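Enquirer: For what it's worth, my numbering labels the leading residue of the sequence shown as 321, then goes sequentially. All C-beta atoms in this analysis are idealised placements derived from N, C-alpha and C, irrespective of residue type, glycine included. These numbers were taken from a predicted model, which means no experiment stands behind them.
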Amino acid sequence: MRFEIMRLNDADGTAVDSTVVDAASVNQIVQQAASTGQRLYIRPAEPTAS
């Protein structure tokens, strides 16, 4: 499964960048964000058309 992770602006909560990663990478990204105090929004990524 793939997830879209958006980093959020601290002031107003708007997304400042976005990346799509596999499930195995989510934990690492969350740990990095937690250590620096970044806010994230994580949701399942839309499946791509084949």
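(1) Kindly give me the distance between the Cβ atoms of F323 and A354, rounded to whole angstroms, as I take these residues to be in contact under 8 angstroms.
(2) Pick helix, strand or coil for A331, following the three-state DSSP scheme.
(3) Which one of P367, Q358, R363 has the shortest CA to CA distance from G333?
(4) Give the range of the alpha helix (DSSP H) segment to which A365 is assigned.
(5) CB L328 to CB V341, shorter than 8 angstroms?
Expert: Based on what the coordinates show:
(1) So it is not a contact: roughly 16 angstroms between Cβ atoms.
(2) DSSP places A331 in coil when its eight states are reduced to three.
(3) That would be Q358, whose Cα lies nearest to the Cα of G333.
(4) Annotation: A365 is outside any alpha helix (DSSP H) and is labelled neither H nor E by DSSP.
(5) In terms of Cβ geometry, L328 and V341 do not form a close pair [threshold 8 angstroms].
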